[in-house]
Amino acid sequence: MIDGRAVPPLHKLAGVLIVLAVVVGLVAPDAGRPGPAEAKPAAAPGGTAAPSTPSAAPVAGRSGAGGSATAAPAPSGTAPAPVIGAASAVARQVKANELGQIPVLMYHRITAETTASLDRTPKQLREELTRLAEEGYVPITAADFARGWIDVPAGRHPVVLTFDDGTPGHFALDERGVPAADTAVGVLLEVARRYPGFRPVATFYVNADPFQLGDRAADGLRWLQRNGFEIGNHTFTHADLSTLSKAGVQREIARDEAQIVALTGVHTSTLAYPFGSRPDRDSWARHKEGEYSFRGIFLAGWRPSVSPFHEDFDPEAIMRIRSEGKIRENDCRRYCSQAWLEWLRENPGERYVSDGDPGTVAFPADVSGDLAGGYRGYGRSY
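In UniProt numbering, the protein residues as written are 1 to 382.
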């Protein structure tokens with residue numbers, strides 16, 4: 001007896017505490033997905049750096065970065081699966097939809113004189129980036145997109161800017177050691193100065209002799225990395241991987257990876273297929289022990305990507321949009337960047353809208369069924 005009250009048996013008290021602990025664990029807010037991982041390369045055979053293990057949040061039915069499909073683990077014991085929580089007032093106010101579509105724009109040469117259909121002039125690039133800035137888009141890297149770390153202000157929309165082939169029009173250092181004005185990097189920096197909320201961030205997929213910098217390549221690539229840009233793998237010789245054997249695919253990717261590691265000291269996180277051509281097996285490109293390992297692999301697709309939190313997201317086949325106006329060629333009137341950006345503007349319910357919190361996934365209740373199972377604990381509906 002304590003103050004005339006009976007003390008409950010200890011085994012009953014313990015049972016109550018266990019139940020309370022389970023309830024708190026289910027309803028308490030999640031700690032959030034891990035932030036951008038610091039590059040900490042480890043020694044590997046041959047003197048190169050070994051790829052680190054991806055640390056992205058789990059996605060049901062997928063393994064690792066671009067892993068092959070597997071069955072989602074069943075809940076242990078009788079504990080229910082994680083539940084979707086309530087969205088914040090901010091998410092409701094901005095009508096957040098983090099299951100919406102995200103444009104991943106694909107650029108090739110940036111040049112004053114266009115000679116191929118994929119070429120864009122600095123003026124055309126400047127106009128497209130200005131449009132993105134004015135329509136509330138915020139660039140993120142391909143790696144952050146693939147790992148599900150989308151840290152943009154509430155009410156804004158992520159966009160991924162990707163540049164293939166590592167040409168001098170993407171990046172060049174002038175005599176002062178700063179990016180040349182009419183390169184892709186120079187234009188990005190210019191637009192970011194005019195629109196402070198528009199980050200000068202992009203991913204450059206390089207081949208042999210990146211940007212044709214020669215003996216300045218190490219300085220150039222490290223400048224890009226220090227300033228928030230990402231370097232990605234695009235194979236050493238821009239090979240059509242659909243025509244190669246497993247050994248050929250892995251040799252092309254590994255040679256490019258070894259070059260990048262030698263120049264920067266770190267491994268890449270993402271790969272873009274030259275020509276958008278996939279090898280016979282995606283697993284050949286996704287990972288090779290001690291050589292490379294990718295969080296995401298990008299195609300040369302024709303439409304915006306689904307959200308990385310959507311149940312249909314496939315990290316081995318991420319869609320991109322060709323940067324181009326509404327022209328007849330390749331049906332760009334429907335499927336290139338100008339047409340898709342117009343469509344997303346006219347269909348705001350289909351576009352990704354951030355809740356401002358990278359540790360949650362907010363969306364309208366009527367699309368809750370589209371959330372990938374592994375993200376239910378991060379889900380917040382309204």
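A virtual CB, placed ideally from N, CA and C, is assigned to each residue, including glycine. Note that the structure is a prediction, hence the values are computed from the model and not measured.
Apart from the five residues just before and just after residue i, which ones in its own chain have a Cβ nearer than 6 Å to its Cβ?
i           : result
residue 104 : 160, 305, 320
residue 208 : 236
residue 174 : 180
residue 318 : 296, 298, 305
residue 365 : 381
Residues in its own chain within less than 8 Å of residue i by CB, not counting five upstream and five downstream?
i           : result
residue 190 : 126, 181
residue 367 : 97, 99
residue 135 : 157, 341, 345
residue 94  : 154, 155, 353, 354, 355, 356
Less than 8 Å between the C-beta atoms of residue i and residue j, yes or no?
i           : j           : result
residue 111 : residue 298 : no
residue 210 : residue 235 : no
residue 128 : residue 355 : no
residue 202 : residue 217 : no
residue 238 : residue 165 : yes
residue 223 : residue 250 : no
residue 374 : residue 361 : no
residue 282 : residue 252 : no
residue 264 : residue 225 : yes
residue 205 : residue 232 : yes
residue 212 : residue 168 : yes
residue 106 : residue 303 : no
residue 339 : residue 292 : no
Could you tell me which residues DSSP puts in a beta bridge with residue i?
i           : result
residue 101 : 351
residue 86  : 381
residue 394 : Outside the modelled stretch of the chain, which goes from 1 to 382, sits residue 394, for which no answer is possible.
residue 398 : As shown, the chain starts at 1 and ends at 382. That puts residue 398 outside it, with no answer to give.
residue 164 : 205
residue 137 : 157
residue 362 : 380
residue 371 : 310
residue 288 : 292
residue 179 : 173
residue 318 : 298
residue 120 : 110
Could you check the C-alpha separation between residue i and residue j for me, to the nearest Å?
i           : j           : result
residue 153 : residue 141 : 15 Å
residue 331 : residue 351 : 22 Å
residue 172 : residue 358 : 33 Å
residue 395 : residue 247 : Absent from the model: residue 395. The displayed extent of the chain is 1 to 382, so no value can be given.
residue 381 : residue 178 : 45 Å
residue 170 : residue 85  : 43 Å
residue 227 : residue 220 : 11 Å
residue 82  : residue 145 : 23 Å
residue 229 : residue 261 : 16 Å
residue 288 : residue 194 : 43 Å
residue 324 : residue 137 : 18 Å
residue 371 : residue 312 : 9 Å
residue 109 : residue 377 : 42 Å
residue 102 : residue 113 : 30 Å
residue 363 : residue 88  : 10 Å
residue 245 : residue 270 : 21 Å
residue 151 : residue 307 : 13 Å
residue 92  : residue 349 : 13 Å
residue 30  : residue 240 : Confidence in residue 30 is poor, its pLDDT being 36 and thus under 50, which makes the residue's placement too unreliable to answer from.
residue 337 : residue 139 : 15 Å
residue 256 : residue 369 : 40 Å
residue 122 : residue 329 : 21 Å
residue 314 : residue 335 : 20 Å
residue 116 : residue 347 : 32 Å
residue 215 : residue 131 : 36 Å
residue 390 : residue 343 : Residue 390 lies beyond the residue range present for the chain, which begins at 1 and ends at 382; the question has no answer from this structure.
Starting from the C-beta of residue i, find all residues in its chain whose C-beta is less than 7 Å away, skip the five residues before and the five after it, and write them out in chain order.
i           : result
residue 188 : 129, 200, 202
residue 327 : 333
residue 242 : 277, 278, 279
residue 90  : 154, 355, 356
residue 133 : 191, 195, 198
residue 286 : 66, 294, 297, 316
residue 309 : 98, 99, 148, 361, 371, 372, 375
residue 272 : 162, 164, 205, 232, 234, 298
residue 143 : 230, 269, 270, 295
Nearer than 7 Å: is that true of the beta carbon of residue i relative to any heavy atom of the ligand GTP?
i           : result
residue 327 : Of the ligands one can find in the structure shown there are none, so the ligand GTP has no counterpart to examine.
**OP:** Could you pull out every unbroken alpha helix (DSSP H) segment of at least 4 residues lying fully inside the stretch 189 to 270, listed in chain order?
**Re:** Every alpha helix (DSSP H) of 4 residues or more that sits fully in the stretch 189 to 270 is shown, in chain order, as 217 to 226, 246 to 264.
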